[in-house]
Each structure stands twice: as structure tokens, then as C-alpha cells.
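Remarks on the structure that follows.
There are 2 protein chains.
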Amino acid sequence: MLGNFVYENPTKIIFGKDSMAALSEELKKYGDKVQLIYGGGSIKKNGIYEQVLKALSDAGKTVVEDAGVMPNPTIEKLRDGIQIARDNDVDFLLAVGGGSCVDCAKAVAISVHCDEDPWQKYFVDFEEPDCEILPVGSVLTMVGTGSEMNGGSVISNHETAIKSGHVFGVDVFPKFAVMNPEFTYSVPQYQMVAGIYDIMNHIMEQYFSGDDDCASDYIMEGLMRSVINSARVAVADPKNYEARSNLMWDATWALNTFVSKGKPTDWEIHMLGQAISAHTDATHGMTLAAVTLPYYKHIMRFGVDKFVRFARNVWDVRLNHATDEEVALAGLQKLEEWMREIGLVMNITELGCDESMLEALADSTFVMTGGYHPLSREEIIEIFRASL
Amino acid sequence: MLGNFVYENPTKIIFGKDSMAALSEELKKYGDKVQLIYGGGSIKKNGIYEQVLKALSDAGKTVVEDAGVMPNPTIEKLRDGIQIARDNDVDFLLAVGGGSCVDCAKAVAISVHCDEDPWQKYFVDFEEPDCEILPVGSVLTMVGTGSEMNGGSVISNHETAIKSGHVFGVDVFPKFAVMNPEFTYSVPQYQMVAGIYDIMNHIMEQYFSGDDDCASDYIMEGLMRSVINSARVAVADPKNYEARSNLMWDATWALNTFVSKGKPTDWEIHMLGQAISAHTDATHGMTLAAVTLPYYKHIMRFGVDKFVRFARNVWDVRLNHATDEEVALAGLQKLEEWMREIGLVMNITELGCDESMLEALADSTFVMTGGYHPLSREEIIEIFRASL
Chain S
16 MLGNFVYENP
26 TKIIFGKDSM
36 AALSEELKKY
46 GDKVQLIYGG
56 GSIKKNGIYE
66 QVLKALSDAG
76 KTVVEDAGVM
86 PNPTIEKLRD
96 GIQIARDNDV
106 DFLLAVGGGS
116 CVDCAKAVAI
126 SVHCDEDPWQ
136 KYFVDFEEPD
146 CEILPVGSVL
156 TMVGTGSEMN
166 GGSVISNHET
176 AIKSGHVFGV
186 DVFPKFAVMN
196 PEFTYSVPQY
206 QMVAGIYDIM
216 NHIMEQYFSG
226 DDDCASDYIM
236 EGLMRSVINS
246 ARVAVADPKN
256 YEARSNLMWD
266 ATWALNTFVS
276 KGKPTDWEIH
286 MLGQAISAHT
296 DATHGMTLAA
306 VTLPYYKHIM
316 RFGVDKFVRF
326 ARNVWDVRLN
336 HATDEEVALA
346 GLQKLEEWMR
356 EIGLVMNITE
366 LGCDESMLEA
376 LADSTFVMTG
386 GYHPLSREEI
396 IEIFRASL
Chain F
16 MLGNFVYENP
26 TKIIFGKDSM
36 AALSEELKKY
46 GDKVQLIYGG
56 GSIKKNGIYE
66 QVLKALSDAG
76 KTVVEDAGVM
86 PNPTIEKLRD
96 GIQIARDNDV
106 DFLLAVGGGS
116 CVDCAKAVAI
126 SVHCDEDPWQ
136 KYFVDFEEPD
146 CEILPVGSVL
156 TMVGTGSEMN
166 GGSVISNHET
176 AIKSGHVFGV
186 DVFPKFAVMN
196 PEFTYSVPQY
206 QMVAGIYDIM
216 NHIMEQYFSG
226 DDDCASDYIM
236 EGLMRSVINS
246 ARVAVADPKN
256 YEARSNLMWD
266 ATWALNTFVS
276 KGKPTDWEIH
286 MLGQAISAHT
296 DATHGMTLAA
306 VTLPYYKHIM
316 RFGVDKFVRF
326 ARNVWDVRLN
336 HATDEEVALA
346 GLQKLEEWMR
356 EIGLVMNITE
366 LGCDESMLEA
376 LADSTFVMTG
386 GYHPLSREEI
396 IEIFRASL
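Protein chains in written order, with our numbering: chain S, 16 to 403; chain F, 16 to 403.
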């Protein structure tokens, strides 16, 4: 069943090969001073930067640069962005890049007109914005986080070894996203695959919870089947438009709040993964991949019916005369084969962790209660150990 | 793959047993004079009318009544509604009912401040509104059309025997919908089942088109599996909240523009069904049911791969050593069994049609070109004949 919920998602998506043509018109709806938020400069190599500047110029905008957003955006980078926006009295924030740039733009948007410390207010105390919020738009060049159509923002604080995410309300959602699948072609294979697994894991985090018959679970089964299929094609042929366009759209819907409506959700794998990133700065999707199988094998017994359903409806497991546990494990086996096939990192050792870090990793791990089994500290350590 | 598209859907959904509690606050965002658009008075029997009036009163609204919207709203009823809105200088239109009431409210919304004839402008010439559009909200009491979260409006003109639909842009979408699954309990079984098939058919109309690998098709497979399962439960136990809540949410997503994005769509079954309604005033969902199997059996050969996929992914058909045609037919067989099981009308004779009407039905049928095979007039007549 579906519990009580409110669904509202006003982000306008402009999707496809020709989507950049609409950017200039879209920008005209907003103020004159635009802060351009982007990453390490890859957009200057592949020509996207030039196209964005042209659209900004066509729309008559004054541009303020805010470059250098890193894969796990830091609180220091956020503070720099806030200062740039204040110094230049910026009207609009345009993120050009992947989820890190969009996340950072949202965090700037809710902090520019706020006197309090953004880290403490939003990422430690999890308060909601009570100030004027700057509008954000994005040109997406990497797929995975879904940040283009939600209110989520994840910021890392290396001083306290905490990577913390906050899902904000609809006022923080980007106003629009320009999504050209061809813009994702130049993402290195490692990053592409990490992004693909981020999509898959977003869906699984919302799927593995609840024991009722819920419309959202059926939709997620469809989404997962699409991701699995397109991932195989994209890994073999990264410039396959069909696969890349499907993955781009799947990613948006995996985390734009839709599939979680009316049901509980887990997110413990993200908590384990964020702990790894906080200590190693490892790529987000790979941190999730490294702990997925140890985690699911551990909690499977607490929600075996859903794991059986996952095996049957997502992986077409057809075992006759098998126990529920055998069917469930066969599903996880299929998942593992797919993960290895597309080239994911399957252990935390490869991400720079070792035995000596297990206690520290556990210290950085939040415990969630929406899944089939909330973890104890000992269980968290055992899951990290099983991933060494 | 996904072609170029724009997706934007700002309708706010307030869903669940407690959703009416939010209506008053939602109404406060809009003007003082509210036109209350509803049907034949069933909402007065089941207490929903009282609850709506209380919310309107709590929000300090002046209410103007516009009752008597019929199942296939007529151009005459629309003209009445426009007159009421003009006479009372109405600020907001609140539809309380099913898709007919919401469709009618949207048509009023785009006509009040328009000097041209609404039938000619919107439903014959298919022009877009170029006047001020009144905001619309809804309290949904019947499930099926998806009108609560899209820009569609279907109006019937019995003088010309044309039932015509127009899908308007985002400015015509309802601002909000209050969706309490319990409000659908008192819908008679015949209407409930017709609504369920309307959902299923909306998905199939968008699924049976294209021959590529498209994310939207996977999502529709999930949605269809949910509808099939919840329909069986709801027919046996109409007050099963789990099933009714799933059906309500599935209906919204079957036709809120999402699943059609980036792909072609068919809609020929709706054209055939609307021709039947124009001549008989039969219940919309039943008209679709009556022509579905003759239509799909006829066009199957032009898109057999998709029918094979439908059999396997939606109906779990697992035939070894079978031809594509055998698998595809087995899928349609499963569809037919489910349709009979839930009690749908399977022929147009039961809806009041006979052999003498075939030519007239064909005259009222629009031909669509997005599916696997555009129909000739002879084919249309043969499909209607096969449904006698």
C-alpha cells in the first residue's frame, strides 16, 4: 500500500541531443548575474563550456565564475562559493557538471542570504532554510546522483571526517535541467560505471524495505531492468546514444522522490559508502559497490521475501523446488555477476581502506532505521571487514 | 532510446487517508471565489461534499455551485460552466469527482476569458489557449483518467457525434490534487472496473509503439504488473486500501506525461472507444475494453517483438520452443483472461452497438499514426465487427 505523502516536483527537464538550444530562453526567466559553478575544467576540453557561455551571452547575462568543484564537494569549497555569490550580488546559480556541481549550487543557494554557519545548520543540525533561496539551474554532464531533479545536497567535511547529506524541500529543487546524453560521452569509464552503480543503488535503497504490495516497488523493478540492460550496452559501447539516454533518464527518476513515495526506504549502503569517502575521498558509486554484497548478504534473512521478489522480477531467476533463501541468494549472485561484468570496485581495499581503519569507518557511519535491519556497531565493522 | 522532449509537471499531489486535512491550506493560495464542479450528487451521499464545503469555509472562500457534470461531459455542460464562472467572476475552479469533472474544469478554465467558441477552438481546430487561464484544483473520487495530473480534457458533442480530446500544456495542469483512496470506495463496481481498465489501456497505448530499447517501456511494464495485481485484489475486496491506493497512484502515472516521454505512442484504442461513446454514451473504460483484443490481434503482426516482450515481461509467459507469434498470442490470451476475470465488457454489442452502426462508428473514429499500423477505414470496420 501507499502511506500518506505529498509529491511535488516542479523541475523542468529539457532532454535530448538538441536540448542546449533551449538554455538561453530558459535563462531569460531569471536575473542578470549568473554564477557559473563547474568542476575541474573538463567542460573546457569537450566544448560544453563554450556552448554554455554562448547561451549566457545570448540571454544577456553577466557571468561570475566559480570553478573547481571537486567530486566530493567540501565545506571549504562551499564557503568559497557563498563568498563569490555575496561579493557579486548574484541572481542565479548555473551548475554545469555532475551531481557534485549541482549539490554545491543548492548549498550555495540556501546559504547566500543566511547568517548562520551552513555546515552546522544544514549538515549537522539538519535545519531547513528560512532565508531567501537563490534559483538554481543545471546543464548535466555526468549521470548518477539525480541531483538535477531533487533537493538533495551532500557536502564533505574532512576536518571532522563526515560526509553529510540533506534532502531539502521543493524550493531548493533546480528550476530546470538541460540533459544532453552526448554530454556524458566524455566521462571516463571508471566514473561512468560508478555513476551507473549509483543509479542502481539509489533504486535498491528504496526497494529493499517494507513487506506490503506497493506500486512504487513495481516501478523500481522496471527501472532496475532498464539500468541493468543499458549498463551492459554502455560499458561495451560508451557512445551508444540509446543506452546513455536511457541511463540518464533512469538516473533522474531513481532519485527525484517519485519511487520513494508512500513507502519506507533504507539508505544504509549510502551511509556505509559515505563513511568510506570521508576517510579516502573515493568515488561515491564505487564506495556503494564495495559494501553492497556484504550488506545485503547480512540483512537478507530479515527481509527474505523482498530478496526473492528481487531475484524473480529483476533477474528472472526461475528456480523450481528451491528454498526462499536459495532463490534470494541466486538473485544476489546475478547482481554480483552484473557488477563484476560492468567493472565495479568490489572491495574497500581497492578504495584505500585497510583493517586498521575499521573502527574509524564505523565511527563515521550513520545508522538508518527504514530498512530490514538497523545495524549495530559490531555489524557495521563486520560488513566493512567482509569487504576488505 | 529517448528522443528529444521537455518534461514538466508541477501538479502537487496530496495523497492518503489524511489528505483532506490539507485542502483548506492549499486553497488559501488562490482567490476568494471558488466554482465547485461536481457530478450527479454521489458526493452528497458519501459525505465528501460536506468535507469539501468545510475546507472551503475554513479557507474563507465564497462558493459557486456547478453540479451535474455527466460521465462524458458535453459541450452544453461546458458552456453552462463557462457562464457560471463569468456571471460570478470566479477565481478558482475546484473539481470534486472523477476525470469528467476535472476535464470539464480545465475546459472551463481556458474558456472563461476567451471570446472564441471553445468547441471549435480547442476540440476541432486543436488550438492552444491564448487567454488568461483560471487555476484548477481537484479532490479525486474516482480513478482512471489521470486527469488530476495532466493537461488533458475530453468533451463530447452529441450533435456532431464527436467525442474529442485535447492535451493542453502545463499552464492547464491542475495546481493540486487531493487523493484519498478511501474516497473511491463508494464507486460502483462497474465504474471501478472500467476505471481500472482505463489505467491499463493508457499504459498499453503508450507501450505498443517503437522498436528500440527505451527506459519508458520498462517503467510501463512495472506499472502494468502493479495494475494487474491490484485489480484482482480490488475486484474481490473493493475496500482493500492497499489495492485501491496502488491503483489510484498507478492511474496518475499512467497518464501524467511521464511514461510517454522520448517515445512514440499509439492511442488508436482510445479513438475507437471514443467513437463508441459518441454514439452510445457508454462508459469510457468499457469502450476501450470492448475493442482491445480485436485491435491488438489485428496489429500484432506489425510489431510482434513488442507483443513478445509484453507476454514475457508483463505476463511471465515462459514458452520454450514457441514461435514469436505463439508467445505474443499467449500474452494476449493472458490479458483476455485477466479482463474477463475482473469483469470487463468484451464486445460492443453489450454497449448498445449493432451491425447497422459500423459505418457510423468508423465515421467517428480518428486514425492515429504513432502505433505499429495506421488503420484504414475497412480495417476499422472489421475491428468493430469483430467486437460485435
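All C-beta atoms in this analysis are idealised placements derived from N, C-alpha and C, irrespective of residue type, glycine included.
Exercise for the section: Have a look at S245(S), I170(S), D378(S) and flag the residue whose alpha-carbon is nearest the alpha-carbon of W264(S). Expected result: The shortest C-alpha separation from W264(S) is found at S245(S).
Handout entry: C-alpha distance - P144(F) paired with A290(F), whole-angstrom precision
Key = Straight-line Cα distance between these residues: approximately 26 Å.
Exercise for the section: Spatial neighbours of H388(F) within its chain, please: CB distance less than 7 Å, with the 5 preceding and 5 following residues excluded, ordered by chain position. Expected result: Excluding positions up to five away in sequence, the list reads I314, F317.
Handout entry: Buried or exposed (CB count within 10 angstroms, at least 16 for buried), A98(F)
Key = The sequence given here places Gln at residue 98(F); Ala does not occur at that position. The residue in question, Q98(F), is exposed, as its Cβ has fewer than 16 Cβ neighbours within 10 Å.
Problem - Nearest neighbour of M372(F), chosen from G386(F), V382(F), F399(F), T384(F) [CA to CA] - result: Distances from the alpha-carbon of M372(F) to those of G386(F), V382(F), F399(F), T384(F) put F399(F) closest.
Problem - Close beta carbons around S345(F), own chain, < 8 Å, minus the five adjacent residues each side - result: Here residue 345(F) turns out to be Ala, not Ser, going by the sequence shown. Closer than 8 Å at Cβ, skipping near neighbours: A326, W330, V332, L334, A337.
Handout entry: Below-7 Å beta-carbon distance, S57(S) vs any chain F residue
Key = No, no contact with chain F.
Problem - Cα-Cα separation, F138(S) to E365(S) - result: Those two C-alpha atoms are separated by around 29 Å.
Handout entry: CB of D228(F) within 7 Å of CB of E257(S), strictly
Key = Yes, Cβ-Cβ distance for D228(F) and E257(S) is below 7 Å.
Handout entry: Cβ-based burial, A293(F) [other Cβ within 10 Å; buried from 16]
Key = Answer is buried; the Cβ neighbour count reaches 16.
Exercise for the section: Examine the Cβ distances between the stretch 106–116 of chain F and the stretch 43–56 of chain F and report whether three or more of them are shorter than 8 Å. Expected result: For the pair of segments examined, the stretch 106–116 of chain F was found to touch the stretch 43–56 of chain F: the number of CB pairs separated by less than 8 Å reaches three.
Exercise for the section: Quick one: which residues of the stretch 241–252 of chain S get their C-beta closer than 9 Å to a C-beta of chain F? List them in chain order. Expected result: Cβ contacts with chain F come from S241, V242, N244, S245, V248.
Exercise for the section: With 9 Å as the C-beta to C-beta threshold (strictly closer), list the residues of the stretch 32–48 of chain S near chain F in chain order. Expected result: Per Cβ criterion, the list reads K32, D33, S34, A37.
Problem - Own chain, CB closer than 6 Å to P309(F), minus 5 neighbours either side, in chain order - result: The residues are I398, A401, S402.
Handout entry: Contact between the stretch 61–74 of chain F and the stretch 26–45 of chain F (3+ Cβ pairs under 8 Å)
Key = Touching, per the Cβ criterion.
Practice task
Output, in sequence order along the chain, the residues in the stretch 218–240 of chain S whose CB is closer than 9 Å to any CB in chain F.
Solution key: Listed in sequence order: D227, D228, C229, A230, S231, D232, Y233, I234, M235, E236, G237, L238, M239, R240.
Exercise for the section: Could you please give me the residues that DSSP links to L108(S) through a beta bridge? Expected result: Checking the DSSP bridge columns, you'll see L108(S) partnered with Q50(S), V151(S).
Problem - Buried or exposed by the 16-neighbour rule on C-beta atoms within 10 Å, applied to K27(S) - result: By the neighbour-count definition (other C-beta atoms within 10 Å, threshold 16), K27(S) is a buried residue.
Problem - Within 9 Å of chain F by C-beta, residues of the stretch 274–295 of chain S in sequence order - result: Correct list: K276, G277.
Practice task
Buried or exposed for P150(F), please, with buried defined as at least 16 other CB atoms from any protein chain shown within 10 angstroms of its CB.
Solution key: Answer is buried; the Cβ neighbour count reaches 16.
Handout entry: Beta-ladder partner(s) of W28(F), from DSSP
Key = Checking the displayed sequence, the identity of residue 28(F) turns out to be Ile instead of Trp. According to DSSP, I28(F) bridges with Y22(S), A192(F).
Problem - Secondary structure of T89(F), DSSP reduced to three states - result: Strand at T89(F).
Problem - Y22(S) beta carbon near the ligand SAM (any heavy atom closer than 6 Å) - result: The ligand SAM is not among the ligands present in this structure, which contains no ligands whatsoever.
Handout entry: Straight-line gap, E356(S) to S168(F) (C-alpha atoms, nearest Å)
Key = So the alpha carbons of these two residues sit roughly 48 Å apart.
Handout entry: Beta carbon proximity, P309(S) to chain F, threshold 7 Å
Key = Not one chain F Cβ lies under 7 Å of P309(S).
Exercise for the section: Would you please state the rounded distance, in angstroms, between the beta carbons of A269(S) and L238(S)? I believe it to be under 8 Å. Expected result: With 8 Å as the limit, A269(S) and L238(S) qualify as a contact, their Cβ atoms being about 6 Å apart.
Handout entry: 8 Å Cβ cut-off: residues of chain F touching V21(S)
Key = Per Cβ cutoff of 8 Å: K27, I28, I29, F30, A37.
Practice task
Given a cut-off of 7 Å, decide if G180(S) and T295(S) are closer than it, judged by their beta-carbon atoms.
Solution key: For T295(S) and G180(S), no; Cβs fall outside 7 Å.
Handout entry: Residue burial classification, S275(F) (beta-carbon count within 10 angstroms, cutoff 16)
Key = Buried, because 16 or more other Cβ atoms sit within 10 Å of the Cβ of S275(F).
Exercise for the section: Could you tell me if V382(S) is buried or exposed, where buried requires 16 or more neighbouring beta carbons within 10 angstroms of its beta carbon? Expected result: By the neighbour-count rule (16 or more Cβ atoms within 10 Å), V382(S) is not buried but exposed.
Problem - Sequence-distant residues of the same chain with beta carbon closer than 6 Å to F188(S), five excluded per side - result: Take F188(S), set aside five residues on each side of it, and the residues of its chain with a beta-carbon closer than 6 Å to its own are T26, G166, in chain order.
Exercise for the section: Could you tell me which residues DSSP puts in a beta bridge with K178(F)? Expected result: Assignment of beta-bridge partners to K178(F) by DSSP yields S171(F).
Exercise for the section: Measure the C-alpha to C-alpha separation of E220(F) and I58(F) and round it to an integer number of angstroms. Expected result: Linking E220(F) to I58(F) through their CA atoms gives a straight-line distance of about 31 Å.
Problem - Cβ neighbours of I29(F) in the same chain (closer than 6 Å, five flanking residues each side left out) - result: The residues A37, V193, in chain order, have a CB closer than 6 Å to that of I29(F) in the same chain once the five nearest residues on each side in sequence are set aside.
Problem - Opening and closing residue of the beta strand (DSSP E) in which T77(F) lies - result: It spans 77–81 - the beta strand (DSSP E) in which T77(F) sits, taken as one unbroken run.
Practice task
Determine, using beta carbons only, whether M157(S) comes closer than 7 Å to chain F.
Solution key: No, because no Cβ of chain F sits closer than 7 Å to the Cβ of M157(S).
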